[in-house]
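A short write-up of the structure that comes next.
Okay, structure coming up:
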């Protein structure tokens, strides 16, 4: 039996970047509401992964979606930095 992809949308660099940035938003929100070393580290890891995804997406496209992902990521980085 082969494993099938359960996603209805195929992943491309832009959607991957958007999903990563959404994960950052949730991780930062969690770190702000439950500030522990672990939640902060989790948010920093999510930021690092999203940074890579956004970088890959921006190398392939300069679409408004990529620009929005960059801006959102920067905002969440700032929110987390204010916690620290």
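In UniProt numbering, the protein residues as written are 1 to 84.
Beta carbons are placed, not taken as given, at the ideal position from N, Cα and C, and that holds for glycine.
Remember, predicted model here, so these are calculated numbers, not experimental data.
#1: For residue 19, report the span of its alpha helix (DSSP H) as first-last.
#2: I need the DSSP call for residue 62, collapsed to helix, strand or coil.
#3: Quick one, which of 84, 55, 60 has its alpha-carbon nearest residue 71's?
#4: Below 6 angstroms CB to CB, which residues in the same chain sit around residue 21 once its five sequence neighbours on both sides are set aside?
#5: From the DSSP output, in three-state form, read off residue 36 for me.
#6: Closest by CA to residue 43, which one among 25, 63, 53, 58?
#7: Can you check which of these residues, 81, 63, 77, is closest to residue 15 by C-alpha distance?
The relevant details are as follows:
#1: 13 to 33
#2: coil
#3: 55
#4: 50, 69, 72, 73
#5: coil
#6: 25
#7: 63
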